[in-house]
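Comments concern the structure below.
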Amino acid sequence: MPDSGAHVIEIHGLVKRLGLITALNGLDLHVRQGEVHGFLGPNGAGKSTTIRVLL
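Using our numbering, the letters of the sequence shown map in sequence onto residues 271 to 325.
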C-alpha cells in the first residue's frame with residue numbers, strides 16, 4: 271500500500287491493567303488516514319479493551 275500521509279492513530283507500548291490483570295501489554299498500532307483495520311481474536315484477547323482505550 272502506498273504511503274497515504276500522516277498517522278491519525280499512533281500508539282507505542284500501550285499497557286492497560288485491570289486490577290491485577292494485564293489486559294494489554296506493549297501494544298503498537300499505526301493507522302494512516304484512509305486505512306481500515308479490524309480486530310480479530312478469541313474471547314478475552316483484548317479486542318474490546320483496545321477499542322475502548324482508543325475511544
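Cβ atoms here follow ideal geometry from the backbone N, Cα and C, with glycine treated the same way.
Open item on the list: So for V323, helix, strand or coil by DSSP?
Closed with: Look at V323 here: in three-state DSSP terms it is helix.
Open item on the list: Comparing C-alpha positions only, which one of V278, L290, N313, H300 sits nearest to L284?
Closed with: Ranked by how close their Cα comes to the Cα of L284, the residues V278, L290, N313, H300 have H300 in first place.
Open item on the list: Considering just the uninterrupted stretch of the beta strand (DSSP E) at E280, what are its terminal residues?
Closed with: It spans 277-288 - the beta strand (DSSP E) in which E280 sits, taken as one unbroken run.
Task: Short Cβ contact (8 Å threshold) for T320 with L297 - done: When the beta-carbon positions are compared, T320 and L297 come within less than 8 Å of each other.
Task: Pairwise C-alpha distance: A276 and G314 - done: Rounded to whole angstroms, G314 and A276 show a C-alpha spacing of 32 Å.
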